[in-house]
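*Asks:* Numbering (the working numbering), first residue to last: 598 to 955.
Don't be surprised by glycine CBs; every beta carbon is placed ideally from N, CA and C.
As structure tokens, this is what we get:
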């Protein structure tokens with residue numbers, strides 16, 4: 598029997614109440630080692646999925662969060678369970694207590710709850726709640742003039758009046774925000790795992806119901822995204838905030854506690870609004886025997902995205918063609934096909950690769 602099979606066997610015995618004292622001690626030793634977190638998470642998820650309680654099916658990120666909190670709580674237990682000569686030891690005592698609590702009440706404590714219990718308790722003052730129960734987008738206007746477009750099923754929590762120092766709202770779901778500028782009162786959106794901080798901009802916050810990933814995509818302006826330690830319940834943030842600009846997005850993966858930055862799937866022209874406001878013509882994207890360095894600089898300025906090459910000889914290549922009317926990635930495909938090159942996303946930049954031209 599492999600070590601993983603042995604762990605699963607002991608865990609089943611323990612949950613069924615049939616484990617001997619020796620088997621319980623062996624299980625707690627394995628649990629305290631930290632090598633079987635994945636197996637524990639799988640068991641919790643399967644146990645909840647097999648239960649007859651409605652809505653007990655958990656997405657993967659929830660079981661991972663259960664395990665993480667068990668381990669975090671175990672560390673905290675050291676402060677209240679003194680080291681003794683008891684043959685179990687405090688680590689195994691903590692493991693036993695926390696494992697029993699997790700398996701016995703894990704569903705009640707950790708199943709996805711309405712954001713009201715989590716979020717509204719954190720809002721100072723009277724809280725308004727707006728839920729989009731329709732099948733279409735729903736727009737609301739906040740007291741500062743900011744506009745929020747709620748996707749179906751999304752709930753927004755906001756105070757009757759913003760404070761004198763900040764504008765704070767709480768959201769569960771997906772919504773597009775167009776924030777009224779106010780340099781003296783930053784606007785903060787609290788999600789389940791992240792905080793988005795802005796002064797005045799437009800952006801989309803979305804949540805993947807399957808993975809639990811939260812994503813922030815910027816349309817205009819700049820936003821700061823950080824981990825929401827109020828919800829994650831960590832003493833200090835493990836992640837540094839990231840700054841994203843138009844056509845960039847930040848993706849938070851709760852299972853890994855990773856905050857990644859990349860480009861949006863459909864970059865928009867950042868010069869379009871400026872051109873329309875100043876009544877200037879939009880970029881033409883029509884080229885006649887132009888060097889690639891000129892074209893890439895033109896595209897980079899139009900979309901606000903850095904475009905780099907891995908070979909300076911590429912910049913000498915010439916391109917002739919009309920790529921207007923296409924999205925950025927299609928434009929790049931056309932250019933790359935004509936110059937025997939390729940492109941790939943590299944974080945928030947686009948990397949052009951190829952042999953180049955003489």
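Measure the beta-carbon distance from residue 810 to residue 850 and round it to whole angstroms, keeping in mind my assumption that it falls under 8 angstroms.
*Replies:* Indeed, because the Cβ distance is near 5 angstroms, the residues count as touching under 8 angstroms.
*Asks:* Once the 5 residues before and after residue 823 are set aside, which same chain residues still bring their CB inside 6 angstroms of it?
*Replies:* Only 792, 838 meet the Cβ criterion.
*Asks:* Can you have a look at residue 789 and say buried or exposed, based on whether 16 or more other CB atoms are within 10 angstroms of its CB?
*Replies:* Buried, since its Cβ has 16 or more Cβ neighbours within 10 Å.
*Asks:* Ends of the alpha helix (DSSP H) at residue 621?
*Replies:* 618-630 is the extent of the alpha helix (DSSP H) around residue 621.
*Asks:* Just to confirm my understanding: we take residue 890, look at its own chain, exclude 5 residues before and 5 after, and list those with CB closer than 7 angstroms. What are they?
*Replies:* Here the set comprises 912.
*Asks:* In this structure, does DSSP put residue 950 in helix, strand or coil?
*Replies:* Of the three classes helix, strand and coil, the one that applies to residue 950 here is strand, per DSSP.
*Asks:* Below 8 angstroms on the Cβ atoms is my contact criterion, and I expect residue 884 with residue 916 to pass it. Report the Cβ-Cβ distance as a whole number of Å.
*Replies:* Right, their Cβ atoms sit about 6 angstroms apart.
*Asks:* Residue 858 and residue 945 - do their beta-carbons sit closer together than 8 angstroms?
*Replies:* Yes, they are a contact pair.
*Asks:* Using a 10 Å radius around the Cβ and a threshold of 16 neighbouring Cβ atoms, would you call residue 765 buried or exposed?
*Replies:* Looking at its Cβ environment, which holds 16 or more other Cβ atoms inside 10 Å, residue 765 is buried.
*Asks:* Assign residue 895 to one of three DSSP states: helix, strand, or coil.
*Replies:* Helix at residue 895.
*Asks:* Relative to the C-alpha of residue 753, which candidate in 760, 738, 762, 763 has its C-alpha closest?
*Replies:* It is 738.
*Asks:* Rounded to whole angstroms, what's the CA-CA distance from residue 951 to residue 861? Just pull it up for me.
*Replies:* If I take the Cα positions, the gap works out to 24 angstroms.
*Asks:* Checking 8 angstroms against the spacing of the C-beta atoms, do residue 943 and residue 900 come in under that value?
*Replies:* No, Cβ-Cβ distance for residue 943 and residue 900 is not below 8 angstroms.
*Asks:* Going by Cα to Cα distance, which pick from 619, 907, 928 is closest to residue 864?
*Replies:* Taking only the C-alpha atoms, the option nearest residue 864 is 928.
*Asks:* In or out: residue 751 buried (at least 16 other Cβ within 10 Å) or exposed?
*Replies:* Classification for residue 751: buried.
*Asks:* Exposed or buried, residue 769, counting other C-beta atoms within 10 Å across all chains shown (16 or more means buried)?
*Replies:* Looking at its Cβ environment, which holds 16 or more other Cβ atoms inside 10 Å, residue 769 is buried.
*Asks:* Please name the residue in 908, 867, 820, 819 whose C-alpha comes closest to that of residue 898.
*Replies:* The candidate whose alpha carbon is nearest that of residue 898 is 867.
*Asks:* Tell me whether residue 879 is buried or exposed, calling it buried when 16 or more other Cβ atoms sit within 10 Å of its Cβ.
*Replies:* Exposed is the call here.
*Asks:* Hey, residue 748 and residue 779: beta-carbon distance below 8 angstroms or not?
*Replies:* For residue 748 and residue 779, no; Cβs fall outside 8 angstroms.
*Asks:* Using only alpha-carbon positions, find the residue among 615, 782, 800 that is nearest to residue 741.
*Replies:* For the residues 615, 782, 800, the minimum Cα distance to residue 741 belongs to 782.
*Asks:* Roughly how many angstroms lie between the CA atoms of residue 949 and residue 906, to the nearest whole one?
*Replies:* Between residue 949 and residue 906, the C-alpha separation is close to 5 angstroms.
*Asks:* DSSP on residue 633, reduced to helix/strand/coil?
*Replies:* The answer is coil: DSSP assigns residue 633 none of H, G, I, E or B.
*Asks:* For residue 771, does the count of other Cβ atoms within 10 angstroms reach 16, so buried, or fall short, so exposed?
*Replies:* Residue 771 comes out buried.
*Asks:* Within a Cβ cutoff of 6 angstroms, which residues of the same chain sit near residue 774, ignoring the five residues on either side of it in sequence?
*Replies:* The answer, listed in chain order, is 745, 800.
*Asks:* Hey, how far is the Cα of residue 821 from the Cα of residue 854?
*Replies:* If I take the Cα positions, the gap works out to 17 angstroms.
*Asks:* With H, G and I counted as helix, E and B as strand and the rest as coil, what does DSSP make of residue 853?
*Replies:* Three-state result, residue 853: coil.
*Asks:* Would you mind stating whether residue 852 and residue 818 have Cβ atoms separated by less than 8 angstroms?
*Replies:* No.
*Asks:* So the candidates are 914, 886, 795, 903; which of them puts its Cα closest to the Cα of residue 937?
*Replies:* For residue 937, the nearest C-alpha among the options comes from 914.
*Asks:* Kindly list the residues whose CB is nearer than 8 angstroms to the CB of residue 736, restricted to its own chain and excluding five residues on each side of it in sequence; keep chain order.
*Replies:* Excluding residues within five positions, the ones whose Cβ falls inside 8 angstroms are 744, 745, 746, 747.
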